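Using the numbering used here, the letters of the sequence shown map in sequence onto residues 55 to 251. Here the structure comes first, spelled out in structure tokens, and everything after it is commentary.
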Amino acid sequence: MKTSTLSIIAFILSILYILPPLPILGLILGILILLDTKKNKKKTPRLALLAVIFGLLFILTAILLALFLYTQLTTLSNTATTIKEAPTPETALSYCTTLKKQDLCLSLTATKFANQTDQTICTKINNNLLKDSCYHTLATSQNKTTLCTKIGQPQTKTLCTAQITRNATLCQTLPSPARKQCLNTLFQPSYTRQPAS
């Protein structure tokens, strides 16, 4: 095959980031073409050079993404382990205050110590989904419909109230997937919560 054809193939492979092995193949092919042109003292094909550059960029991006995911998962794992092993809510909250991003830590603390914490823990959470989850957890654990009213997402608010009051009629107002979850929660054998008074 001609060097120009191989250069085009190498370039195309190096920009196909959708399939991870292809940019690496493009990089290798580009390097082989560059070595061949240097050995035979030919003019360096630009596409082969671009294939090498894009292949290296792909590898660098993949390494940076892997490092980012590793640090995020390590932080998540450490947080979950620390909260799991915390003997009291105060110990867990003390740990949460040492973190830059506290929302997940506070939410995990509310989940673990649902019967020993009050709603102030939820007010400290910035992420709306985690905040709603916090209020939902505390409301259903403490059997308090007043906490359900603090939930921002309407479906979660309705689900929370239905779970505490054991009101299947409320479940019927929800769209299909949420309705099914609500009814399943109310009628599963392990769900023994008493209606709120």
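Beta carbons are placed, not taken as given, at the ideal position from N, Cα and C, and that holds for glycine. Here the structure is a predicted model, which means the values were calculated and not measured.
- Shown here, Asn197 sits in coil according to DSSP, grouped into three states, outside any helix or strand.
- Excluding its 5 nearest sequence neighbours in each direction, Lys178 has C-beta neighbours in its own chain below 6 Å: Leu160, listed in chain order.
- Here Thr115 is exposed, its C-beta having fewer than 16 other C-beta atoms within 10 Å.
- Beyond the five residues adjoining it in sequence on each side, Leu101 comes within less than 6 Å, by CB distance, of Ser61, Ile62, Phe65 in the same chain, given in chain order.
- A Cβ-Cβ distance of about 6 Å is found for the pair Ile137 and Thr163, placing them in contact under the 8 Å criterion.
- Where Pro77 is concerned, the enclosing alpha helix (DSSP H) starts and stops at 75–93.
- A straight-line Cα-Cα distance of about 6 Å links Ile85 and Val106.
- Taking the Cα of Glu144 as reference, the smallest distance to any Cα among Thr203, Gln209, Lys166, Leu184 is reached at Lys166.
- Between the alpha carbons of Pro208 and Lys198 lies a gap of roughly 17 Å.
- Contact between Ile87 and Pro99 is confirmed by a C-beta separation of about 6 Å, below the 8 Å threshold.
- Residues Leu224, Thr227, Leu228 of the same chain have their beta carbon placed closer than 7 Å to that of Thr212, with the five preceding and five following residues left out of the count.
- Here Lys185 is buried. Its C-beta has 16 or more other C-beta atoms within 10 Å.
- Following the DSSP letters along the chain, one finds Pro208 inside the alpha helix (DSSP H) bounded by residues 208–219.
- In this structure, the CA atom of Ser195 is about 56 Å from the CA atom of Gly80.
- Counting of Cβ neighbours within 10 angstroms places Leu183 among the exposed residues, the total staying below 16.
- Assigned with DSSP and collapsed to three states, Pro141 falls in coil, not helix or strand.
- For Thr125 and Lys97, the gap between their C-alpha atoms comes out near 44 Å.
- In this structure, the straight-line span from the alpha carbon of Asp90 to that of Lys155 is close to 52 Å.
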